[in-house]
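Below: one structure, written as structure tokens.
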Amino acid sequence: MGNKNKTISFRVSEDKFETLREIAEERDISLSAVFRDYVDTLVSHDGQVKVAPEHEFEDDATETSTESFPPKVEVPKSFVREHERLELEAEHLREQLEEHKRYVTKLRQQLDEMDQDEVIHLEDLDQGEEDDASYRIGSFDDLE
1 MGNKNKTISF RVSEDKFETL REIAEERDIS LSAVFRDYVD TLVSHDGQVK
51 VAPEHEFEDD ATETSTESFP PKVEVPKSFV REHERLELEA EHLREQLEEH
101 KRYVTKLRQQ LDEMDQDEVI HLEDLDQGEE DDASYRIGSF DDLE
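The UniProt record's numbering numbers the first residue of the sequence shown as 1 and each following residue consecutively.
Quick look at the structure:
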């Protein structure tokens, strides 16, 4: 599925519709572009958008010149460094997991390729008959 555009319907009074059309004409864009800009702004600011006439906005801006919208938060460098460290560690762990998966796959392939005669099951050793050859676990040096 691709990124499909969806349709949003707005219901406004005739006066507001005319105002919106004038805004679109001033900006030399379509009326739907005005709505798209509004929706894009709304989404990018997580729903925190206040629509106001420009003269009110300019008055508010002079009163609260120290505040900006959207609000900004300073994060300590230690937090950023810790976040970066954790990202690197997660990446390293992912690489180790992939390496382990490759190793397990290789071992399974080797096991599948072995003849059944070459495989000795430990359960069979415990229940072995006296006629069977005896097996001993040890190094080659012990055989001499």
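Beta carbons are placed, not taken as given, at the ideal position from N, Cα and C, and that holds for glycine.
Since the model is a prediction, treat every value here as computed from it, not as a measurement.
Judged by DSSP secondary structure, Q96 falls within the alpha helix (DSSP H) whose first and last residues are 77-113. Assigned with DSSP and collapsed to three states, F10 falls in coil, not helix or strand. Counting along the chain, no alpha helix (DSSP H) covers A52, and no H or E run does either. Separation of S32 and R21 (C-alpha to C-alpha, rounded to the nearest whole angstrom) is 10 angstroms. In this structure, DSSP gives D28 a state outside helix and strand, which the three-state scheme calls coil. Per DSSP, reduced to three states, the secondary structure at K72 is coil, with no helix or strand assignment.
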